[in-house]
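**Q**
Protein chains: 2
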Amino acid sequence: MIDKVIIAEDHEFANLSVQKTMEDLKVKQYDYAFYCDDAFAKIQLAQKKGEPYDLLITDLSFEDDGTPQQIHDGIELIRAVRAIQPSILVLILSGQHRPVDIHNLFEHNEVDAYVRKARHDVQELKSAMHALSKGQRYYPGSLAQQIKRSNTYEFTDFDITIIRLLNEGYQQNEIPAYLKEHNIKPSSLSSIEKRLNQIREELGFLNNQQLMVFCSNAGLL
Amino acid sequence: MIDKVIIAEDHEFANLSVQKTMEDLKVKQYDYAFYCDDAFAKIQLAQKKGEPYDLLITDLSFEDDGTPQQIHDGIELIRAVRAIQPSILVLILSGQHRPVDIHNLFEHNEVDAYVRKARHDVQELKSAMHALSKGQRYYPGSLAQQIKRSNTYEFTDFDITIIRLLNEGYQQNEIPAYLKEHNIKPSSLSSIEKRLNQIREELGFLNNQQLMVFCSNAGLL
DNA sequence: CCCCTGGTTACGGTTTGCCGTAATAAAAAT
DNA sequence: ATTTTTATTACGGCAAACCGTAACCAGGGG
Numbered sequence: 003m004i005d006k007v008i009i010a011e012d013h014e015f016a017n018l019s020v021q022k023t024m025e026d027l028k029v030k031q032y033d034y035a036f037y038c039d040d041a042f043a044k045i046q047l048a049q050k051k052g053e054p055y056d057l058l059i060t061d062l063s064f065e066d067d068g069t070p071q072q073i074h075d076g077i078e079l080i081r082a083v084r085a086i087q088p089s090i091l092v093l094i095l096s097g098q099h100r101p102v103d104i105h106n107l108f109e110h111n112e113v114d115a116y117v118r119k120a121r122h123d124v125q126e127l128k129s130a131m132h133a134l135s136k137g138q139r140y141y142p143g144s145l146a147q148q149i150k151r152s153n154t155y156e157f158t159d160f161d162i163t164i165i166r167l168l169n170e171g172y173q174q175n176e177i178p179a180y181l182k183e184h185n186i187k188p189s190s191l192s193s194i195e196k197r198l199n200q201i202r203e204e205l206g207f208l209n210n211q212q213l214m215v216f217c218s219n220a221g222l223l
Numbered sequence: 003m004i005d006k007v008i009i010a011e012d013h014e015f016a017n018l019s020v021q022k023t024m025e026d027l028k029v030k031q032y033d034y035a036f037y038c039d040d041a042f043a044k045i046q047l048a049q050k051k052g053e054p055y056d057l058l059i060t061d062l063s064f065e066d067d068g069t070p071q072q073i074h075d076g077i078e079l080i081r082a083v084r085a086i087q088p089s090i091l092v093l094i095l096s097g098q099h100r101p102v103d104i105h106n107l108f109e110h111n112e113v114d115a116y117v118r119k120a121r122h123d124v125q126e127l128k129s130a131m132h133a134l135s136k137g138q139r140y141y142p143g144s145l146a147q148q149i150k151r152s153n154t155y156e157f158t159d160f161d162i163t164i165i166r167l168l169n170e171g172y173q174q175n176e177i178p179a180y181l182k183e184h185n186i187k188p189s190s191l192s193s194i195e196k197r198l199n200q201i202r203e204e205l206g207f208l209n210n211q212q213l214m215v216f217c218s219n220a221g222l223l
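Which chain is which? The protein sequence lines are V and E, in order.
To convert, count from 1 in the first sequence and add 2; that's our numbering.
To convert, count from 1 in the second sequence and add 2; that's our numbering.
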């Protein structure tokens with residue numbers, strides 16, 4: 003069961019609503035913090051007193067308002083907390099973040115649930131809490147869909163190299179020189195053009211810009 | 003006095019907390035909506051019944067979740083509402099938005115108060131409400147500061163339109179037609195080229211791809 | 001040895017984007 | 001009202017990207 007929860011969220015609006023949701027869900031004890039350092043201190047203290055938290059609900063990005071902090075964002079907080087209390091459950095509550103990033107967090111078992119701040123986020127949070135209390139993770143389907151869409155195409159190392167170079171400001175006709183320099187096998191301008199053409203075709207993009215944005219969002223850069 | 007308030011906010015978390023804040027402030031009557039159309043309908047009805055709202059609290063960006071809407075964002079909502087009830091007070095409650103945009107809204111008297119979803123947003127909302135009830139506007143000082151020290155490039159609506167179109171797969175020579183179609187003022191290919199050139203220059207990008215990725219990461223698309 | 005096949009490279013033509021300059025329109029200032 | 005300033009548009013040359021075709025070069029089988 004989830005009896006003791008700590009909320010780390012800098013926005014008062016969100017923090018308040020999460021608290022209210024905890025009340026609705028009859029969570030026995032919940033505390034909240036507006037700063038990562040504060041949340042960490044509370045978790046550390048509870049741990050020392052032998053009354054550890056069951057669940058950490060945290061935002062990912064925290065605004066820097068001038069007060070100096072050791073821990074600056076949600077990911078740092080999660081890692082710091084897991085270092086002293088590996089068993090704690092972690093639920094991420096985030097505004098807009100890249101699907102891949104979230105996905106990676108799941109893959110590395112750094113988080114157990116993810117709720118996006120959006121329409122129906124309260125419902126989502128309740129569903130997530132429900133899943134967690136049953137020992138399940140909460141990985142929203144929409145996220146899987148987004149990832150699936152991004153993962154349809156298999157990018158080769160060659161593809162990624164080209165795209166990375168383009169993103170660094172190389173123009174296509176400068177790339178062959180670079181490839182020869184680094185002994186990468188297809189190195190002709192034709193090959194590069196053909197490859198890009200093929201990728202665009204398969205993914206249904208009309209220009210390289212879309213491709214670059216896509217790769218950026220997919221975390222390939 | 004502010005006795006009757008309508009809240010338009012798609013995020014449940016935020017909506018809920020605003021409601022709670024209204025309770026704390028002893029506002030006599032408040033209603034809420036998760037969609038612009040719904041908010042507009044409520045305002046229209048109240049107006050017809052001779053019991054109009056005193057204040058509209060609205061987010062700027064509303065997520066499109068598939069349900070078809072006439073009014074798609076906060077600005078459209080504000081303009082639609084002001085068209086039928088010019089006297090209504092308007093308070094914007096927004097996550098991250100360009101300071102200049104907000105500033106312009108104030109300058110054109112389209113809004114009376116602005117609260118950013120951030121640290122202490124509940125306090126800010128209360129302060130804003132207090133100011134409004136005294137017949138004052140609420141223009142947070144932080145906004146003025148942000149405009150002053152924003153040495154990063156300021157994208158105009160025009161810029162964003164172009165970039166959005168490019169990202170949708172338009173090629174540059176197709177854009178003038180679109181702009182004329184939508185009565186956007188500079189519409190020539192030259193203007194587009196010149197603008198893009200200028201932006202790249204100021205931000206130090208070597209090609210459009212980098213610009214697109216930048217804008218994507220900055221959440222401007 | 002030749003032929004076939006898959007992949008790479010070379011080349012030419014066309015389109016698109018890039019950038020400077022000049023003409024024109026609109027706005028501001030006098 | 002006319003000049004000055006500013007913004008927008010039109011045009012042209014050039015570079016880059018796009019795209020098709022054909023030549024080239026492995027290796028594998030006949």
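Every residue gets a Cβ at the ideal spot worked out from N, C-alpha and C, and that includes glycine.
Keep in mind the model is a prediction, meaning the values are calculated, not measured.
Among V:Asp-103, V:Ile-104, V:Ala-115, V:Glu-203, which one has its Cα closest to the Cα of V:Ile-90?
**A** It is V:Ala-115.
**Q** Tell me which same chain residues have a C-beta within less than 8 angstroms of the C-beta of E:Gly-76, skipping the five on either side of it?
**A** So the qualifying residues of the chain are Ala-10, Cys-38, Thr-60, Asp-61, Leu-62, Ser-63, Phe-64, Ile-94, Ser-96.
**Q** Among E:Ser-129, E:Glu-156, E:Gln-72, whose alpha-carbon lies nearest the alpha-carbon of E:His-99?
**A** Considering only alpha carbons, the answer is E:Glu-156.
**Q** Identify each residue in the stretch 63-87 of chain E for which the Cβ-Cβ distance to at least one residue of chain V is less than 8 angstroms, and report them in chain order.
**A** Residues passing the 8 angstroms Cβ filter: Glu-65, Asp-67.
**Q** List, in order along the chain, the chain V residues whose C-beta lies closer than 7 angstroms to that of E:Met-214?
**A** Residues of chain V passing the Cβ test: Gln-211, Met-214, Val-215.
**Q** Under DSSP, the alpha helix (DSSP H) around E:Ala-133 begins and ends at which residues?
**A** Unbroken alpha helix (DSSP H) run through E:Ala-133: 123-135.
**Q** Run down chain E in chain order and give the residues with a C-beta less than 7 angstroms from the C-beta of V:Asn-199.
**A** What V:Asn-199 touches in chain E: nothing, since even the nearest Cβ is about 15 angstroms away.
**Q** Beta carbon of V:Val-29, beta carbon of V:Leu-58: below 8 angstroms?
**A** Contact flag unset, no.
**Q** Of the choices V:Ile-164, V:Lys-187, V:Leu-223, whose alpha-carbon is the least far from that of V:Glu-2?
**A** Residue 2 of chain V cannot be examined here, being either before or after the span of chain V that is shown, 3 to 223.
**Q** Compare the beta carbon distance of V:Gln-46 and V:Ile-86 with 8 angstroms and say whether it is the shorter of the two.
**A** Yes; because the gap between Cβ atoms is below 8 angstroms, this pair is in contact.
**Q** Does the distance from the CB of E:Val-113 to the CB of E:Glu-126 come in under 8 angstroms?
**A** Going by C-beta atoms, E:Val-113 is not nearer than 8 angstroms to E:Glu-126.
**Q** State yes or no: is the beta carbon of V:Ser-96 nearer than 8 angstroms to at least one beta carbon in chain E?
**A** With 8 angstroms as the cut-off, V:Ser-96 does not count as an interface residue toward chain E.
**Q** Do you know how far the Cα of E:Ala-179 is from the Cα of V:Gly-206?
**A** Near 23 angstroms, if we compare the C-alpha coordinates of E:Ala-179 and V:Gly-206.
**Q** Between V:Arg-139 and chain E, is there a C-beta pair that is closer than 8 angstroms?
**A** No, V:Arg-139 lies away from the interface with chain E (no Cβ there is under 8 angstroms from its Cβ).
**Q** Between V:Ile-194, V:Glu-204, V:Ser-129, which lies nearest to V:Arg-166 when the distance is taken from Cα to Cα?
**A** Ranking the options by Cα distance to V:Arg-166, first place goes to V:Ile-194.
**Q** 8 angstroms is my cut-off, CB to CB: does E:Leu-168 come that close to chain V?
**A** Yes, because at least one Cβ of chain V sits closer than 8 angstroms to the Cβ of E:Leu-168.
**Q** Shortest alpha-carbon distance to E:His-122 belongs to which of V:Asp-123, V:Ala-120, V:Lys-136, V:Asp-67?
**A** Comparing Cα positions, the closest option is V:Asp-67.
**Q** Any beta-carbon of chain V closer than 8 angstroms to the one on E:His-13?
**A** E:His-13 counts as touching chain V.
**Q** Which value, in whole angstroms, describes the spacing of the CA atoms of E:Asn-153 and V:Asp-5?
**A** Residue placement at E:Asn-153 is flagged as unreliable, the pLDDT there being 46, under the threshold of 50; the coordinate-derived value follows with that caveat. Taking the straight line joining both Cα atoms gives about 48 angstroms.
**Q** So E:Asn-175 contacts chain V; which residues on that side make the cut at Cβ distance below 9 angstroms?
**A** Simply none; closest approach about 12 angstroms.
**Q** If V:Met-3 and V:Ser-135 are in contact, beta carbons under 8 angstroms, what's the gap, nearest whole angstrom?
**A** Right, the Cβ-Cβ distance comes to about 6 angstroms (below 8 angstroms), so this counts as a contact.
**Q** Hey, does V:Ala-1 have any beta-carbon neighbour from chain E nearer than 8 angstroms?
**A** The displayed coordinates of chain V run from 3 to 223. Any statement about residue 1 of chain V would go beyond what the structure contains.
**Q** Name the residue from E:Arg-202, E:Glu-203, E:Asn-169 whose alpha carbon lies nearest to the alpha carbon of E:Gly-221.
**A** Taking only the C-alpha atoms, the option nearest E:Gly-221 is E:Asn-169.
**Q** So, does the CB of E:Asp-123 fall closer than 8 angstroms to a CB anywhere in chain V?
**A** Cβ-Cβ to chain V under 8 angstroms: yes for E:Asp-123.
**Q** With E:Lys-182 and E:Ser-189 assumed to form a contact (beta carbons below 8 angstroms), what rounded beta-carbon distance in angstroms separates them?
**A** Their Cβ separation, rounded to whole angstroms, is 5 angstroms, which keeps E:Lys-182 and E:Ser-189 in contact under 8 angstroms.
**Q** Would you identify the three-state DSSP class for E:Ser-152, choosing helix, strand or coil?
**A** In this predicted model, E:Ser-152 has a pLDDT of only 48, less than 50, meaning its place in the structure is not dependable; the value taken from the coordinates is given anyway. Here E:Ser-152 sits in coil by DSSP.
**Q** Please list the terminal residues of the continuous alpha helix (DSSP H) segment that includes E:Asp-33.
**A** Element bounds for E:Asp-33: not the alpha helix (DSSP H) but the beta strand (DSSP E), 31-35.
**Q** List, in order along the chain, the chain V residues whose C-beta lies closer than 7 angstroms to that of E:Ser-218?
**A** In chain order: Val-215, Ser-218, Asn-219.
**Q** Just to confirm the assignment, what range does the alpha helix (DSSP H) spanning E:Ser-192 have?
**A** First-last of the alpha helix (DSSP H) with E:Ser-192: 191-205.
**Q** With a threshold of 7 angstroms on Cβ separation, who are the neighbours of V:Gln-49 within its own chain once the five nearest residues in sequence on each side are excluded?
**A** Taken in chain order, the residues that qualify are Ile-86, Gln-87.
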